[in-house]
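Residue numbers (this note's numbering), protein chains in the order written: chain A, 1 to 108; chain B, 109 to 686.
Notes for the one structure printed next.
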Amino acid sequence: MSVLWQQKTHGVLKRQEKMQRLLARLLLGVVITTTVLAGIYLTVAASSVHTARRLWEMENQMAAVMRDNQGLMAEIARLSSIPVLQERSVALGYQPAKSIDYLYVGEP
Amino acid sequence: MLHGPDARLRLITVLLIAALLPILGQLVRLQVLEHSQYQSEAEALVSRQYSLPEAPWGVIMDRNGDLLVGNVPVYNVGAEINLITDTVMAASVLAPLLNRSEEELLATITLTESTQTIEWRPLTNRVPAETAQKLLDLKWTWITLSPTWERYYAEGAMACHTLGFVNARGMGYGVQAFQLRFLRGDSMQRVGPVSGDTSPLPDELMGGSLTPYPGTDLRLTIDRTIQAFVEGVLDQAMVDYKAAGGTILVMNPRTGEILAVASRPNYEPHRYPEYMENGQEAIFRDPAVSVPYEPGSVFKVITVAAAYDSGRVDANWTYNDLGKLEYGGASIRNSDGAAYGQQRLQGILDYSLNVGAATLSTQVLGADLFYKYVRAFGFGQTTGIELTGEASGIVHLPTDWDWTDSHLATNSFGQGIAVTPLQMAMAISAVANDGVMMQPRIVMERQYSDGRIVPIPAHELGRPISAEAARVVAEMMARSVDKVAKAAQVPGYRVAGKSGTAQIPTTGGYDPQQVIVSYAGFGPVPNPQVIVLVNLERPDVPANMRWGMHIAAPVFQKVMSRVLILMGVPPSDLRAGQ
């Protein structure tokens, strides 16, 4: 009887195969888990960087809008300043009241 | 020994594990044992100062929300000159845009030595947004634009002393300098980890907003319409009377709110560097709060109020006016040198009798009581208004080394005592407001960038005289206007007031020619809503016209008659009809 036959008949080969299969599965599991974790980490990191970049851009947009807003406020103030209003009023034919009549309205 | 696949497999496994062990060991060392050390080293490597968009300063509005001081975006322009391919062409294009000569610009952007690193040079500062857009349209990547802000004064020089300015070092004048800690926005630079293009790294961005908070907005008590009118009247008065300077102050005696304050000479706040280059810093001082003057006869109101409030005299008290009074080595005379005979308190105000005022201070009140009232009315001390450079004035007290008996006599009619226009208006406000003197206010509320609004409440400064004394003196002042001050009368309204003509002190005496004319009053009577104080310095008119009653009273009348309408105060007869 050959050694191989003896191993087969005594179950030695079967145990070895089982052990190897287990080891292979374990290694495969470790590799898959590591890959998944690395993938998740990279995704999160990339997403974080992307979000930060977007945030930075939006912060800059906000600053630009703030600049536009302040500029427009100044422009409105210029257009409604006293000299401009006076000039416009005169052009429209307004003039200071010569006499003012007051009407007393009693409280109900 | 290594026969068969099993043995070789075992050997490979052992070798792999052996190879992994040092890596694991290093990981433990780096990530666990020496973690903090490497972390600090890494932070030091990437942590740099990075620029944030500069926050705008808080704006300043009038009491109705109209903008007085705002911000306009401007840009500082620079160039990374080692990236320029054609400097001659670049200089010719940029010169008209940046308002610089072509030769000068060419010298700036020409690289003298070749370098591997980026060499940046500033080209010009504070170009407007339109120019910045034109520069962007050129699509030259070597041009850098850094946004910043410039203060914008919507009404030009209007209320310049009140609004003031602040220079790059944080020094300045007016309410802006006083309220700088509120107005100034967040810092424009921070320190944190940055990327290659000097923008913050994710951790920094995730930590919170990097947009700086704008400064706090201020709503002032100033009414833009009243202010503009007052400025116009003051300008006209300066021309009509050829005055060297002047101040008009309008305030609400009930709340202490300053509705308008205009002074001449004035300046345009945004051009302050030009004034400084020309050595004209003196123009920045606000005459209303920083420059004391001798008030003259307007001060008689204080003397009469003090005498009445002390209880030592009543409205029927009389004295014999001989036209002259000798006291403490000083010879006191009435302005016209005449004797007025038997006079009451009313006569002192009607005819502005120096002898009568001096009689009250020297023979009725005495030094202790007189100066107690002078201090109670706020003279010789600052009012605490939110403006920089407020002067306390000059009041010589009996405890001072340089005080003489003559001070007691001359101070009673506003000579030998220096007050600011604001102090004088405050003292008169106590008479108008039933004896209560309110803290003068220029800031009505603060509006924070997070939406909070903090109103600044009215605050009582003191009660120098009783309500009864205030009402009696106010009535005397009103009768004085009814009787003798035609120039100050306001059609439709009953007003109270007092004129003043003060000599200007010089070294060793008084200027024989120059005077400061003034008029202070309030209306309507009863229930005054507004105080107007007019000061005109060194009017160049004939000597017989150089009196407060001739010059300042008509200006007071002009201001008061319009301000009462602008404030919506109905005429006295209509109010009586109620």
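Note that beta-carbon positions come from the ideal geometry of N, C-alpha and C, so glycine has one too.
Pick out whichever of B:Ala413, B:Asn424, B:Ala578 has its Cα sitting closest to the Cα of alanine 465 of chain B. Of B:Ala413, B:Asn424, B:Ala578, the residue nearest in Cα terms is B:Ala413.
Exposed or buried, what is tryptophan 56 of chain A when buried is set at 16 or more other beta-carbons lying within 10 Å of its beta-carbon? Label assigned to tryptophan 56 of chain A: buried.
Distance between aspartate 68 of chain A and valine 397 of chain B (C-alpha atoms, nearest Å): Valine 397 of chain B and aspartate 68 of chain A: Cα-Cα distance of roughly 37 Å.
Nearest-angstrom Cα distance between leucine 433 of chain B and glutamine 335 of chain B? Taking the straight line from one Cα to the other gives about 43 Å.
Beta-carbon gap between isoleucine 168 of chain B and leucine 291 of chain B smaller than 9 Å: With contacts defined as CB atoms closer than 9 Å, isoleucine 168 of chain B and leucine 291 of chain B qualify as a contacting pair.
Where does valine 399 of chain B land, buried or exposed, given buried means 16+ other C-beta within 10 angstroms? With 16 or more other Cβ atoms within 10 Å, it is buried.
To the nearest angstrom, how far is the alpha carbon of proline 395 of chain B from that of threonine 496 of chain B? Between proline 395 of chain B and threonine 496 of chain B, the C-alpha separation is close to 12 Å.
Could you name the residues of chain A that asparagine 179 of chain B contacts, counting a contact when the two beta carbons are closer than 9 Å? Within 9 Å Cβ-Cβ: Arg67, Gln70, Gly71, Met73, Ala74.
For arginine 483 of chain B, which residues of its own chain have a beta-carbon under 6 Å away from its beta-carbon, when the five flanking residues on both sides are left out? Result list for arginine 483 of chain B: empty, nothing under 6 Å.
Between the stretch 538-555 of chain B and the stretch 564-575 of chain B, can you find at least three pairs of beta-carbon atoms closer than 8 Å? Result yes; three or more Cβ-Cβ pairs closer than 8 Å.
So with Cβ pairs under 9 Å, would you call arginine 78 of chain A a contact of chain B? Yes, its Cβ sits closer than 9 Å to a Cβ of chain B.
Residue range of the alpha helix (DSSP H) that includes phenylalanine 286 of chain B: Taken as a continuous stretch (DSSP letters only), the alpha helix (DSSP H) holding phenylalanine 286 of chain B covers 282-286.
Rank B:Ser439, B:Gly488, B:Leu672 by C-alpha distance to the C-alpha of aspartate 513 of chain B and give the top, closest one. Looking from the CA of aspartate 513 of chain B, the closest CA among B:Ser439, B:Gly488, B:Leu672 belongs to B:Ser439.
Report the option in B:Gln531, B:Ala651, B:Ala262 whose CA atom is closest to the CA atom of methionine 359 of chain B. Answer by Cα proximity: B:Gln531.
Report the neighbours of tyrosine 260 of chain B on chain A: residues whose CB is nearer than 7 Å to its CB, in chain order. Tyrosine 260 of chain B reaches chain A at Ala74, counting residues in chain order whose Cβ is nearer than 7 Å.
Does proline 204 of chain B come out as helix, strand or coil in the three-state DSSP assignment? In the structure shown, proline 204 of chain B sits in a helix (DSSP, three-state: H, G or I).
In the structure shown, what three-state DSSP assignment does arginine 332 of chain B receive? Secondary structure of arginine 332 of chain B (DSSP, three-state): helix.
Contacts around alanine 499 of chain B, its chain only, beta-carbon distance under 6 Å, and the 5 residues preceding and following it disregarded: Result list for alanine 499 of chain B: Ser398, Pro400, Thr528, in chain order.
Please list, in chain order, the chain B residues whose beta carbon lies closer than 9 Å to that of isoleucine 100 of chain A. Within 9 Å Cβ-Cβ: Gly600, Ile673, Pro679.
Tell me which residues share the same chain as proline 662 of chain B and place their Cβ nearer than 6 Å to its Cβ, disregarding the 5 neighbours each side in the sequence. Within the same chain, Ala595 come within 6 Å of proline 662 of chain B by CB-CB distance, once the 5 residues on both sides are set aside.
DSSP-derived helix/strand/coil call for leucine 672 of chain B: Three-state result, leucine 672 of chain B: helix.
Alpha carbon to alpha carbon, how far is leucine 42 of chain A from leucine 138 of chain B? Taking the CA atoms as reference points, leucine 42 of chain A sits about 21 Å from leucine 138 of chain B.
Would you call the CB atoms of glutamate 494 of chain B and glycine 293 of chain B closer than 9 Å? The answer is no: Cβ separation not under 9 Å.
Taking C-beta pairs closer than 7 Å, name the residues in chain A that arginine 332 of chain B reaches, listed in chain order. In chain order: Ile82.
Considering only the alpha carbon of each residue, which of B:Leu271, B:Pro647, B:Ile456, B:Val136 lies closest to glycine 178 of chain B? Check the Cα spacing between glycine 178 of chain B and each of B:Leu271, B:Pro647, B:Ile456, B:Val136: the tightest is with B:Leu271.
Just to check my reading of the structure: glycine 629 of chain B and methionine 657 of chain B have Cβ atoms closer than 8 Å, yes? What is that Cβ distance to the nearest angstrom? Not a contact, Cβ separation roughly 12 Å.
Going straight from the alpha carbon of proline 322 of chain B to that of glutamate 365 of chain B, what length do you get? The alpha-carbon atoms of proline 322 of chain B and glutamate 365 of chain B are separated by roughly 27 Å.
In this structure, how does DSSP classify alanine 97 of chain A when only helix, strand and coil are distinguished? In this structure, alanine 97 of chain A counts as coil in the three-state DSSP scheme.
Along chain B, which residues have their Cβ under 7 Å away from the Cβ of alanine 41 of chain A? Looking at the sequence itself, residue 41 of chain A is tyrosine, so the reference to alanine does not match. Within 7 Å Cβ-Cβ: nothing; tyrosine 41 of chain A doesn't reach chain B, min ~14 Å.
Give me the Cβ distance between tyrosine 380 of chain B and phenylalanine 273 of chain B, rounded to the nearest whole Å; I'm assuming they're in contact under 8 Å. Going by Cβ atoms, the distance from tyrosine 380 of chain B to phenylalanine 273 of chain B rounds to 5 Å, so yes, they are a contact pair.
Endpoints, alpha helix (DSSP H) assigned at leucine 644 of chain B: Boundaries around leucine 644 of chain B are those of the beta strand (DSSP E), 638-645, since no alpha helix (DSSP H) includes it.
Rounded to whole angstroms, what's the CA-CA distance from glycine 264 of chain B to isoleucine 561 of chain B? Just pull it up for me. Straight-line Cα distance between these residues: approximately 27 Å.
Just verifying my parser: in three-state terms, what is the DSSP assignment at glutamate 258 of chain B? It is a strand residue.
Applying a beta-carbon distance threshold of less than 7 Å, which residues of chain A neighbour glutamate 263 of chain B? The answer, in chain order, is Ser81, Ile82.
If you reduce the DSSP assignment to three classes, tell me which class asparagine 60 of chain A lands in. Correct three-state label for asparagine 60 of chain A: helix.
Measure the CB-CB distance between phenylalanine 485 of chain B and asparagine 519 of chain B and report whether it falls below 9 Å. Phenylalanine 485 of chain B places its beta carbon 9 Å or farther from that of asparagine 519 of chain B.
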